[in-house]
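First comes the structure, then the notes that go with it.
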Amino acid sequence: EAGVAQSPRYKIIEKRQSVAFWCNPISGHATLYWYQQILGQGPKLLIQFQNNGVVDDSQLPKDRFSAERLKGVDSTLKIQPAKLEDSAVYLCASSLGRGRRNTEAFFGQGTRLTVV
Amino acid sequence: AQSVTQPDIHITVSEGASLELRCNYSYGATPYLFWYVQSPGQGLQLLLKYFSGDTLVQGIKGFEAEFKRSQSSFNLRKPSVHWSDAAEYFCAVDNAGGTSYGKLTFGQGTILTVHP
Numbered sequence: 689e690a691g692v693a694q695s696p697r698y699k700i701i702e703k704r705q706s707v708a709f710w711c712n713p714i715s716g717h718a719t720l721y722w723y724q725q726i727l728g729q730g731p732k733l734l735i736q737f738q739n740n741g742v743v744d745d746s747q748l749p750k751d752r753f754s755a756e757r758l759k760g761v762d763s764t765l766k767i768q769p770a771k772l773e774d775s776a777v778y779l780c781a782s783s784l785g786r787g788r789r790n791t792e793a794f795f796g797q798g799t800r801l802t803v804v
Numbered sequence: 042a043q044s045v046t047q048p049d050i051h052i053t054v055s056e057g058a059s060l061e062l063r064c065n066y067s068y069g070a071t072p073y074l075f076w077y078v079q080s081p082g083q084g085l086q087l088l089l090k091y092f093s094g095d096t097l098v099q100g101i102k103g104f105e106a107e108f109k110r111s112q113s114s115f116n117l118r119k120p121s122v123h124w125s126d127a128a129e130y131f132c133a134v135d136n137a138g139g140t141s142y143g144k145l146t147f148g149q150g151t152i153l154t155v156h157p
């Protein structure tokens with residue numbers, strides 16, 4: 689079974705530029721998550737989708753971050769404009785999402801963003 | 042608010058020695074608990090999970106963890122560490138509420154170094 693695919697793996701941008709990350713979850717997984725992992729910290733949930741609807745985006749900085757999951761499959765996360773503190777690894781994860789016991793999250797390899 | 046504490050930022054053990062990584066959580070209801078491992082440049086891989094039932098759970102790669110409700114702990118153990126176990130380990134709790142399953146709160150992580 690193919691895992692969660694993310695691209696690009698690495699991205700370096702200047703502050704105030706925009707950037708977008710792409711994620712393709714495991715086939716059949718209804719729930720998709722974006723996490724931000726700052727160096728030295730555990731991942732922090734940014735946004736959770738159930739199919740193509742947002743379940744939780746309480747920790748998403750909505751003034752600069754946006755995410756969408758069209759057709760309930762793949763997803764993009766955008767930052768515009770980027771700040772230095774956005775430097776982090778952005779992890780996408782997916783789970784079956786049907787019932788609490790099917791919430792095991794499978795993670796992609798992540799996109800490492802460096803803002804200079 | 043839910044929280045996860047991993048008191049040890051960095052642990053060093055010799056190959057073949059036993060290992061215990063500590064995790065304490067703060068959560069009002071019955072928690073779903075997870076341990077993930079992250080190798081450099083990789084995403085998170087699930088080692089084991091606790092939902093209910095037997096408080097001693099077995100995972101992959103010879104790891105086990107014990108849930109102790111009275112101590113709010115979910116410590117990870119391995120009887121004999123291999124050099125390939127060197128990685129960063131994250132404890133997480135599923136702070137599900139209503140239909141918002143799968144929203145993981147992670148600890149800060151423990152970096153494991155293995156000496157030959």
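One line per chain: the protein sequences are Z and X, in this order.
For the first sequence, this note's numbering gives the first residue as 689, with consecutive numbering after it.
For the second sequence, this note's numbering gives the first residue as 42, with consecutive numbering after it.
Ideal Cβ placement from N, Cα and C applies to all residues, glycine included.
Report the rounded CA-to-CA distance for residue i versus residue j, giving the unit in angstroms.
i                      : j                      : result
residue 768 of chain Z : residue 78 of chain X  : 31 Å
residue 799 of chain Z : residue 122 of chain X : 30 Å
residue 781 of chain Z : residue 701 of chain Z : 24 Å
residue 717 of chain Z : residue 783 of chain Z : 5 Å
residue 761 of chain Z : residue 59 of chain X  : 43 Å
residue 152 of chain X : residue 103 of chain X : 18 Å
residue 706 of chain Z : residue 61 of chain X  : 43 Å
Let's see if you can read the secondary structure: which residues bound the beta strand (DSSP E) around residue i?
i                      : result
residue 732 of chain Z : 732-738
residue 741 of chain Z : 741-744
residue 753 of chain Z : 753-756
residue 61 of chain X  : 60-62
residue 68 of chain X  : No beta strand (DSSP E) contains residue 68 of chain X, which DSSP labels as neither H nor E.
residue 155 of chain X : 151-156
residue 86 of chain X  : 85-91
residue 146 of chain X : 145-147
residue 117 of chain X : 114-119
Let me know the secondary structure DSSP gives residue i once reduced to three states.
i                      : result
residue 729 of chain Z : coil
residue 699 of chain Z : strand
residue 704 of chain Z : coil
residue 772 of chain Z : helix
residue 80 of chain X  : coil
residue 50 of chain X  : coil
residue 135 of chain X : strand
residue 101 of chain X : helix
Taking the Cβ atom as the reference point for each residue, do residue i and residue j lie within a distance shorter than 9 Å?
i                      : j                      : result
residue 64 of chain X  : residue 111 of chain X : no
residue 155 of chain X : residue 75 of chain X  : no
residue 699 of chain Z : residue 772 of chain Z : no
residue 108 of chain X : residue 45 of chain X  : no
When the cut-off is 9 Å and only beta carbons count, does residue i lie next to chain Z?
i                      : result
residue 109 of chain X : no
residue 95 of chain X  : no
residue 117 of chain X : no
At a Cβ threshold of 9 Å, is residue i touching chain B?
i                      : result
residue 751 of chain Z : Reference to chain B is not applicable here, since the protein chains of this structure are Z and X.
Between residue i and chain X, is there a C-beta pair that is closer than 9 Å?
i                      : result
residue 783 of chain Z : yes
residue 702 of chain Z : no
residue 755 of chain Z : no
May I ask you to check if the CB of residue i is nearer than 8 Å to at least one heavy atom of the ligand COA?
i                      : result
residue 748 of chain Z : This structure lacks the ligand COA; in fact it carries no ligand of any kind.
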